[in-house]
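Protein chains in written order, with this note's numbering: chain A, 2 to 265; chain B, 23 to 659. Built from N, CA and C at the ideal position, the CB exists for glycine as well. The model shown is predicted, which means the values in this text are computed figures rather than measured ones.
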């Protein structure tokens, strides 16, 4: 393939205002969108703000929307578009813009801090953990997450409804809850807070998060739906209900409370 | 200076990769108020790129493994130039650091007994690398990140504020360390999103900034690797040691051009992958150097038997240390037996069933499929060398990670020097981060306990730091991206894998010109999230480091590990006794001096056969250690 000039429309601006700016940028064989943005930055727009780091799909920094689809710029090959196509490149829509293609993703770090951490049995000393591969496979799948926050950006519960941000942790952090709940050495119980504090009930399993995950994690099928089942089992299982009612099962002692922090 | 925000801490850790987070955790555990400064977002540091694993002699897969074997492998890998005390601490403490990480939530792959699984890697005698598929670095950084969060949750409960005792400053760059006399008083920098200046007032600063990859053109390193910690230390009067030793990892993608330098993990070879040239020949058998001949197989049959019966066969030569494999690949390409895009072939497809490749090397499968349309379960990969790591770095006291001559300054991880000698073994980096990250955090805490007054930064120093950062914005100068590309080209062409005196001298004169140009680059735009401005500021660091690498490479007249001189192809026992130390003189020019290496403790020498030591040491040194039986008694392990 010979080099060609691609037409790019890139969002330039900051928190206050901005607009799409048109550029013509050279594209070479095998390049990804991030290469082309870097060429634009080095030759025509030195101050173009792009967040990136590894350029290998491993760090999850260069999340943006390319022709409206949330993607990692470093893993999107130019060959998926035709040479005539104009590429419209915009920042992630759910998060406030800092500048150009860079957004303020601090929401995610705040949510991360609300989830009760890994809580192993304190009597198990380091080096004494014994877990079978088959038992850690599921947690490992979720730990492939590179925290690109594309799932958070896509999820309509917050993408179109800022008012839900307080009550909803988003797919990435509901998956973190699932990861810990399925960890064979964890002793906490996060089922009640998954529903009450992290808004698991808001998820209506449209699988948009799974579709945009660059790590191909089955977020909905393997994390969110099984978590919903666990919550339901806890809440509506007639035996559990009866046990709680007649006092054989204490109502909330095994519940791990959410961590105090920025939430009111 | 009212436009400088001031934040007061006990310990400031510059860098939020493996060593920085581990240091911060330790400082916080010791009760010190700690700040973590990260150039990128929290959890994105270059450690996420580490693939293969974390070396620790836990003996989970082969019970013959122990710290002595790990120590020996590390010293051999570094061609005996390592700081032996660091190599000793590293080998002894790595297992505890891995186990601790598991208790903090890391989920490693398992053995049948349910223990942490361990895999083979170049230069390691036994399966030693704790791993998670081929994304071990991500697991490590996430576990450390989540440990920091767990500590913040404790502080939220106890103190009402999650950031009372440990806080992460994401997207923040440090441009100067400030001192009070000789002692560290803090660190000056800016928040990348706003361009706001900030002074972190702290008596102890831990440098954990990683490496120098962006000095070279083809590198597996990310944009952050501009040698910041190396340069900050140098500018603060600290010594840099052995900067000539730069690791060119042998296997990276070579095509498409845009991904050249993307790492192809050594695990491919650890799991059975072999290197072939365009004639289909498995050529590594022809490249086993004398010092390693006893430990490596001579035939394909023996090498292949080793995977299932390692106790009775010698290792395949594809698992030689990285410097040897990189040189061999380079020689094959030079001899005209390379692959179509200038690399060599790495073949796992004919060695393992497709499902097994997908299970053990999912990221590699993904990477080649998505970026090069190559299915590694069906065809060989094209690979070539790229800059990957720097063994040289800030000189430190092994036990405390304290930097000599600059009280209050500590360094850990890739930015520090000594541990890996002239060549690092794969897997020894992640363990290095944990072992010495922890020691740096402890060292900083002990230093704080011992001092009686807090040093303070002078207004003059702050004023200088402030105007240094502002000047590129005030100039209508050359494009910083152009200058950066030319530095990278110069270093790759003239001070790369194979070096020659005349070329290094040319590089030094080119660097002098580039320095003048760098001092006149201009940054268009404002202070808010302006990458052109950020790069203009990073050029100072990149150039200082390039200068150190080139000067040290010119001085060392031998070939060893990550330093290959075509005009001095042999390893010299005399040069082994010498560390090269870079510093800055009063006018800001890089200076270089030779510093004799401290002789190794006799009990550690006793771990080696005299016949092996003879390959590295002078007759004089050997005469000194001859016991009554004429040799160092090797302990049984």
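Taking 8 Å as the CB-CB limit, is residue 179(A) close to chain B? no
Could you list which residues in chain B have their beta carbon closer than 9 Å to that of residue 64(A), in chain order? Within 9 Å Cβ-Cβ: nothing; residue 64(A) doesn't reach chain B, min ~11 Å.
Which two residues bound the contiguous alpha helix (DSSP H) that contains residue 138(A)? 134 to 144
What residue from 406(B), 553(B) and 78(B) has the CA that sits closest to residue 151(B)'s CA? 78(B)
Host alpha helix (DSSP H) of residue 482(B) (start-end): 481 to 496
Taking the alpha carbon of residue 277(B) as the reference point, which residue from 260(B), 390(B) and 113(B) has its own alpha carbon closest? 390(B)
So, for residue 578(B): in the same chain, excluding its five sequence neighbours on each side, which residues have a beta-carbon less than 7 Å away from its beta-carbon? 266, 585, 597 and 602
Quick one: residues in its chain with C-beta nearer than 6 Å to the C-beta of residue 241(B), no 5 flanking neighbours on either side, listed in chain order? 235, 283, 408 and 409
DSSP three-state call for residue 305(B): helix, strand or coil? helix
Using alpha carbons as the reference points, say which of 154(A), 20(A), 26(A) and 40(A) lies closest to residue 553(B). 40(A)
Chain B residues whose Cβ lies nearer than 8 Å to that of residue 140(A): 129
Using beta-carbon positions only, say whether residue 203(A) and residue 154(A) come within less than 8 Å of one another. no
Kindly confirm or deny that the stretch 471 to 487 of chain B and the stretch 59 to 79 of chain B touch, where touching means at least three C-beta pairs closer than 8 Å. no
Residue 23(A) touches chain B at which residues, Cβ-Cβ below 9 Å? What residue 23(A) touches in chain B: nothing, since even the nearest Cβ is about 18 Å away.
Secondary structure of residue 203(A), DSSP reduced to three states: helix
Suppose you measure from the CA of residue 133(A) to the CA of residue 519(B); what does that come to, to the nearest Å? 43 Å
Shortest alpha-carbon distance to residue 416(B) belongs to which of 404(B), 432(B), 406(B) and 402(B)? 432(B)
Quick one: is residue 503(B) near chain A, going by C-beta distance under 8 Å? yes
Cα-Cα, which of 207(A), 122(A), 161(A) and 11(A) is closest to residue 127(B)? 122(A)
Since I believe residue 551(B) is in contact with residue 103(A) (beta carbons under 8 Å), could you give me their beta-carbon distance rounded to a whole number of angstroms? 6 Å
Please classify residue 468(B) as buried or exposed, where buried requires at least 16 other C-beta atoms within 10 Å of its C-beta. exposed
Taking its Cβ as the centre, do 16 or more other Cβ atoms sit within 10 Å of residue 117(B), making it buried, or is it exposed? buried
Contacts of residue 110(A) in chain B (Cβ-Cβ under 7 Å): 64
DSSP on residue 533(B), reduced to helix/strand/coil? helix
Where residue 184(A) falls: helix, strand or coil (DSSP): coil
CB-CB under 6 Å to residue 192(A), same chain, minus the five flanking residues each way: which ones, in chain order? 231, 232 and 235
Proximity test, Cβ basis, 8 Å: residue 118(A) and chain B: yes
Tell me which residues of the stretch 132 to 146 of chain B have at least one Cβ-Cβ distance to chain A shorter than 9 Å, keeping chain order. 132, 133, 134, 135, 136, 137, 138 and 139
Going by beta-carbon coordinates alone, are residue 143(A) and residue 180(A) separated by less than 8 Å? yes
Cβ-based neighbour list, residue 385(B), same chain, cut-off 6 Å, excluding 5 preceding and 5 following: 156 and 157
Nearest residue (CA-CA) to residue 172(B), options 140(A), 162(A), 115(A) and 183(A): 115(A)
Taking just the CA atoms, how far does residue 199(B) sit from residue 257(B)? 8 Å
If you draw a straight line from the alpha carbon of residue 5(A) to that of residue 28(A), how long is it in whole angstroms? 5 Å
Exposed or buried, which one is residue 118(A) when buried takes at least 16 other CB atoms within 10 Å? buried
Scan the stretch 152 to 183 of chain A for residues whose Cβ lies nearer than 7 Å to a Cβ of chain B and list them as they occur along the chain. none
Taking the runs of the beta strand (DSSP E) that are 3 residues or longer, which of them lie wholly in the stretch 388 to 469 of chain B? 403 to 412 and 431 to 433
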